[in-house]
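The numbers in the sequence shown follow UniProt numbering, run straight up by one, and end at 154.
For each residue, glycine too, the CB sits at the ideal point set by N, CA and C.
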Amino acid sequence: MAPDRGLTAAELVSDLTELEVLAVVAAVALAVLLVLRRWYDAVFLVVAVGVVWAVNPLLKQLIARPRPVGAPADVSEYSFPSGHAANTAALAGALVLIVGHRLLSVLLGLVVLLLVGWSQLTLERHYLTDLLAGWFWALLWVGVVRYVTKGGPK
Numbered sequence: 001m002a003p004d005r006g007l008t009a010a011e012l013v014s015d016l017t018e019l020e021v022l023a024v025v026a027a028v029a030l031a032v033l034l035v036l037r038r039w040y041d042a043v044f045l046v047v048a049v050g051v052v053w054a055v056n057p058l059l060k061q062l063i064a065r066p067r068p069v070g071a072p073a074d075v076s077e078y079s080f081p082s083g084h085a086a087n088t089a090a091l092a093g094a095l096v097l098i099v100g101h102r103l104l105s106v107l108l109g110l111v112v113l114l115l116v117g118w119s120q121l122t123l124e125r126h127y128l129t130d131l132l133a134g135w136f137w138a139l140l141w142v143g144v145v146r147y148v149t150k151g152g153p154k
């Protein structure tokens, strides 16, 4: 019997970006916003992230694109759009906008998204188009919600 080598880096990234972990991060961010009485940002976070997290599984069922061959049985049978990509893009995008577009927050968000994409492709759980679609629709939704909550262009 081969020794257990532990999680690979791709598995670790995938595990750390599961919805349950992201929900804890979102809850902490929401609590901070509420303590700071940043009501609009709190509403923005809940709507921007919550809608993506609720709608993405419905999109998967509607589109019903099978996963790549060899994807584990413990994940949903459909791959498009990627939940990991959409869920992390929604949270990272919302947090970047709340922080205020600082270069460091944008770069950190981009690194997180690229790591998620790398992990899902490495683990053969998604096609590249699954990831691109998840990122695109989530970031588009976050942008629309920000536009509405900030009252349009200044």
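A10 places its beta carbon 8 Å or farther from that of L97. Apart from sequence neighbours up to five positions away, the residues of its chain that approach L34 with a beta-carbon distance below 6 Å are A42, ordered along the chain. The beta-carbon separation of G109 and A92, rounded to 4 Å, stays under the 8 Å limit for a contact. P81 counts as buried, since at least 16 other C-beta atoms from the protein chains shown sit within 10 angstroms of its C-beta. Distance between S105 and T88, taken at the CA atoms: about 14 Å.
With a cutoff of 8 Å on beta-carbon distance, A85 and G117 are scored as near each other. With a cutoff of 8 Å on beta-carbon distance, Y127 and P68 are scored as near each other.
Inclusion of R125 and V52 in the CB contact set at 8 Å is not warranted, their separation being larger than that value. A straight-line Cα-Cα distance of about 10 Å links T17 and L113. Contact annotation: W141 and A48 have beta-carbon atoms nearer than 8 Å.
According to DSSP, residue pairing for P81 in a beta bridge does not occur. Leaving aside the five residues that flank A138 on each side, the residues in its chain whose CB is nearer than 6 Å to its CB run, in chain order, V52, A86, A89, A90. S119 sits close to V13, with the two beta carbons spaced by under 8 Å.
Across the structure, L62 and V55 are spaced so that their CA atoms are roughly 11 Å apart.
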